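When we follow this note's numbering, the leftmost residue of the sequence shown carries the number 19, and every step to the right adds one.
Glycine residues also receive a C-beta, built at the ideal position from the N, C-alpha and C atoms.
All values reported here derive from a predicted model rather than from experimental measurement.
Structure first, then comments.
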Amino acid sequence: MLSHIDPSPTLVFLSKVVEKVVDVRLSDHMNRHHLLPVFQSAYRPRHSTETALARIMNDMILVVDDGRVGALTLLDLSAAFDTVDHSVLTNVMRKRFSVSGKALGWVEEYMRDRSQAVHVNSNESASAVLKFGVPQGSVLGPKIFIDYAEDVSEIFSQHDLSHHLFADDMQCLCCGKPAEVPYMVTRIENCVAHVCTWCATKRLVDKN
């Protein structure tokens, strides 16, 4: 007699295998066409917190050695992975990364009809369909987020600020002569305001 075998571990395993295959192909597409920012250190081969810290430290040391002053601004998006808009993501994948056809359809299906419920002791809430966020604990979730947010790099470049990104963390550096500090502050304020506007277009902030 065969005992009952719970199929869920197998399904989870197969899901992660499929996600890994998609991740490899998508990453190959991004790398071949240089579609991700150079200074994004998260979830990429040979990129890590170490490379991010090394660049930031090096930039600050060079500023000081040159007799200038530097202002480092650190931005952290709150619960950013949970606020990714699925419809905006589809447009990003199509327009920014030229993902189309069956590949784009797979991404849409991957994000669609996900739900969540809250368990407290023996009580469980009603299930709610998720229209936002990337799957937590998945292979693709973090990669999808950095693809979703890669164009923020262009904002820092527009304001001529040195920057580095790590997942949902952003660091930008403004430097100049001591007499230029008021001008530096204005540049940073303008850049941060621009980033806030960008966040609103990507639905990465709560507007309520």
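Each residue's CA atom was taken as its position, placing residue 104 and residue 151 some 7 angstroms apart. Remark: C-beta atoms of residue 153 and residue 60 do not approach each other more closely than 8 angstroms.
Residue state for residue 141 is assigned as strand, using DSSP reduced to three classes. In this structure, 128 is the residue among 128, 217, 204, 188 with its C-alpha nearest to the C-alpha of residue 34.
Per DSSP, reduced to three states, the secondary structure at residue 104 is helical.
With contacts defined as CB atoms closer than 8 angstroms, residue 135 and residue 142 qualify as a contacting pair.
Comparing C-alpha distances from residue 194 to each of 36, 78, 117, 138 shows the shortest one belongs to 78. About 7 angstroms separates the beta carbons of residue 184 and residue 67, which is inside the 8 angstroms limit, making them a contact pair. Looking at 73, 114, 206, the one whose alpha-carbon comes closest to that of residue 52 is 114. In the same chain as residue 75, and ignoring 5 residues on each side of it, no C-beta atom comes closer than 7 angstroms to its own. If you compare the alpha carbons of 192, 217, 32, 219 with that of residue 207, the shortest gap goes to 192. For residue 80, the enclosing alpha helix (DSSP H) covers residues 67-83. Secondary structure note for residue 147: its beta strand (DSSP E) is the uninterrupted segment 146-148.
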